[in-house]
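In terms of numbering that gives the first Met the number 0, the sequence shown is numbered consecutively and its last residue is 382.
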Amino acid sequence: MFDIEPGSPEHGVQQLAAHVADDVLRPRAAELDRRGGFPTDSLAALSAAGLMGIAVPRELGGLQAGALAYSLAVTELAHACAATTVALCVNNMVAEVLAHFGTPEQRSVHVPKLCNGEHVVGAFALSEAGAGSDPAGMRTRARRTDRGWVIDGSKLWITSGSDAGLFVVWAKTSDDPGTRGISTFLVPGDTPGLSRGKPEHKLGLRGSTTCAIEFASCEVGPDALLDEVGRGFRVAMMALDGGRIGIASQALGIGRAATMAAAAWTRDRYGERDVPQGVSFALADSAMELDAAALLTTRAAWLKTTGQPFSHQASMAKLMASERAFAACNRALAMMGPEGQDCDGVVERLFRDVRVTMIYEGTSEVQRVVVSRDIARRFEDAR
Ligand SMILES: Cc1cc2nc3c(=O)[nH]c(=O)nc-3n(C[C@H](O)[C@H](O)[C@H](O)COP(=O)(O)OP(=O)(O)OC[C@H]3O[C@@H](n4cnc5c(N)ncnc54)[C@H](O)[C@@H]3O)c2cc1C
Numbered sequence: 000m001f002d003i004e005p006g007s008p009e010h011g012v013q014q015l016a017a018h019v020a021d022d023v024l025r026p027r028a029a030e031l032d033r034r035g036g037f038p039t040d041s042l043a044a045l046s047a048a049g050l051m052g053i054a055v056p057r058e059l060g061g062l063q064a065g066a067l068a069y070s071l072a073v074t075e076l077a078h079a080c081a082a083t084t085v086a087l088c089v090n091n092m093v094a095e096v097l098a099h100f101g102t103p104e105q106r107s108v109h110v111p112k113l114c115n116g117e118h119v120v121g122a123f124a125l126s127e128a129g130a131g132s133d134p135a136g137m138r139t140r141a142r143r144t145d146r147g148w149v150i151d152g153s154k155l156w157i158t159s160g161s162d163a164g165l166f167v168v169w170a171k172t173s174d175d176p177g178t179r180g181i182s183t184f185l186v187p188g189d190t191p192g193l194s195r196g197k198p199e200h201k202l203g204l205r206g207s208t209t210c211a212i213e214f215a216s217c218e219v220g221p222d223a224l225l226d227e228v229g230r231g232f233r234v235a236m237m238a239l240d241g242g243r244i245g246i247a248s249q250a251l252g253i254g255r256a257a258t259m260a261a262a263a264w265t266r267d268r269y270g271e272r273d274v275p276q277g278v279s280f281a282l283a284d285s286a287m288e289l290d291a292a293a294l295l296t297t298r299a300a301w302l303k304t305t306g307q308p309f310s311h312q313a314s315m316a317k318l319m320a321s322e323r324a325f326a327a328c329n330r331a332l333a334m335m336g337p338e339g340q341d342c343d344g345v346v347e348r349l350f351r352d353v354r355v356t357m358i359y360e361g362t363s364e365v366q367r368v369v370v371s372r373d374i375a376r377r378f379e380d381a382r
């Protein structure tokens with residue numbers, strides 16, 4: 000699209016991510032997809048490189064490089080292995096949410112461990128059966144006791160649920176209507192009463208474990224509460240706004256990898272002969288659409304980095320990047336004929352991996368709800 004200024008912190012982080020992607024993630028991606036499971040060693044390498052807390056303050060163990068550096072790094076990593084990258088994205092989101100909302104003690108105890116790999120990785124436990132797009136419908140409850148809180152309920156589809164050392168968990172703490180009775184808790188992975196389901200068998204991202212998490216009389220101390228009682232919905236939405244920049248960037252990496260694979264295949268297939276216009280136009284469309292999505296993603300990341308509101312811009316970026324990356328993977332697969340769907344080729348994996356970027360951290364329909372609500376509000380304000 001365009002090169003980030005050499006010598007800038009963003010460029011440094013992008014280069015670092017590109018090196019780790021080439022040296023660690025790309026050589027392992029196909030095998031990780033084939034056997035499934037959790038990418039323990041790759042995540043340790045990402046921690047060692049400092050990429051598990053890219054926008055986290057330096058004093059808490061992060062790189063303090065901002066959302067634009069984060070976005071560029073995620074795109075490089077997802078280009079190599081989207082499955083490992085989603086674990087990194089969720090960890091960065093959890094570390095940032097703690098750095099923002101945590102007490103000084105919560106921050107100093109947990110954030111460095113999320114950045115250096117001591118927690119292995121962080122998990123974000125919001126969704127439940129029937130309560131993903133609509134968190135108001137959640138049934139998990141947290142009851143206050145003399146010694147802290149007791150959590151009961153179950154969460155579904157939790158990324159890295161099999162291995163996470165720390166969970167950020169949302170639970171109802173009152174019967175207040177809508178999202179007002181939701182609070183946020185920090186639950187270490189070894190807390191008695193927390194159990195992890197078997198990883199789901201998924202279409203894509205097979206090297207990322209996605210599990211149900213059960214809380215059965217799960218007792219945590221008073222210091223487990225993150226932010227104030229009843230303010231959990233706000234915490235979750237702020238986390239997801241930033242998370243959507245990560246998923247937009249992940250989708251861009253996948254879409255670009257598919258487009259590059261198709262371009263290389265086209266060069267080999269046609270050599271010196273003319274490439275049929277239907278094929279070259281498809282490549283042009285993918286390149287143009289992914290660049291447009293990258294510009295939206297860069298805008299959202301820049302707004303976040305500079306402390307400006309960025310919620311609907313993050314939704315626009317995620318919606319556009321995930322849908323255009325899906326189209327790019329689909330075109331790449333079509334262009335390559337039977338080789339596109341060959342399970343020994345890269346495009347087949349990218350095609351499966353990209354689909355979920357339109358689902359998690361808010362489906363495409365939910366992003367349209369966010370954007371249209373914001374347009375309606377701005378229209379009202381302008382009247
Ligand atoms: C691989 C994977 C990893 C995940 N990781 C995590 C994680 O780490 N943490 C976590 O908390 N969750 C995670 N999720 C859950 C994910 O965020 C939710 O599945 C997603 O937000 C959709 O919510 P839902 O499951 O309730 O689906 P539903 O809301 O029931 O959606 C079903 C359909 O209805 C549509 N729909 C719903 N509401 C509206 C509306 N208002 N307007 C228009 N259409 C609507 C949706 O767009 C969708 O097409 C993960 C999911 C997957 C597949």
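Heads up, the beta-carbon is just placed ideally off N, CA and C, and yes, glycines get one too.
Since we're looking at a predicted model, the values are computed, not measured.
With which residues is residue i paired in a DSSP beta bridge?
i    : result
P187 : L165
R399 : An answer regarding residue 399 cannot be provided, because it is not within the stretch 0 to 382 covered by the chain.
R195 : I212
S182 : A170
T158 : T209
Rounded to whole angstroms, what's the CA-CA distance from residue i to residue j? Just pull it up for me.
i    : j    : result
V345 : E338 : 10 angstroms
T178 : S132 : 12 angstroms
D290 : H311 : 19 angstroms
R354 : G361 : 13 angstroms
E227 : Y359 : 26 angstroms
E322 : S207 : 21 angstroms
E127 : S7   : 41 angstroms
V12  : R146 : 43 angstroms
L50  : L225 : 24 angstroms
L282 : A326 : 11 angstroms
K201 : D380 : 44 angstroms
G60  : I212 : 28 angstroms
E180 : I150 : Position check: residue 180 holds Gly in this sequence, whereas Glu was assumed. Using only the alpha carbons, I get a separation of about 14 angstroms.
Could you round the C-beta distance between residue i and residue j to whole angstroms and report it? I think they count as a contact, below 8 angstroms.
i    : j    : result
W156 : P134 : Actually they are not in contact, since the Cβ atoms of W156 and P134 sit about 13 angstroms apart, beyond 8 angstroms.
G252 : V73  : 7 angstroms
G254 : C328 : 6 angstroms
A48  : A64  : Rounded, the Cβ-Cβ distance is 12 angstroms, inconsistent with contact.
V85  : Q307 : With a Cβ gap of about 27 angstroms, V85 and Q307 do not count as contacting.
R140 : K171 : 5 angstroms
L31  : C80  : 7 angstroms
Compare the Cα-Cα distances from residue i to each of the options and report the closest residue.
i    : options                   : result
L239 : D151, A72, I374 and K303  : K303
F1   : A320, E379 and T297       : T297
A29  : A215, T83 and S161        : T83
S285 : G147, S363, A324 and L185 : A324
R330 : L87, A320, L125 and F280  : F280
M92  : P103, A79, E75 and V110   : V110
R57  : A98, D22, R27 and D189    : A98
Does residue i come out as helix, strand or coil in the three-state DSSP assignment?
i    : result
C342 : coil
A81  : helix
A124 : strand
S132 : coil
A64  : coil
V370 : helix
T102 : coil
E218 : strand
M358 : The displayed chain sequence assigns Ile, not Met, to residue 358. Three-state DSSP puts I358 in coil, outside helix and strand.
T305 : coil
K201 : coil
I244 : helix
Shorter than 7 angstroms, the distance from the beta carbon of residue i to the closest heavy atom of ligand 2, or not?
i    : result
I150 : With respect to ligand 2, the structure offers nothing, as its ligand set consists of ligand 1.
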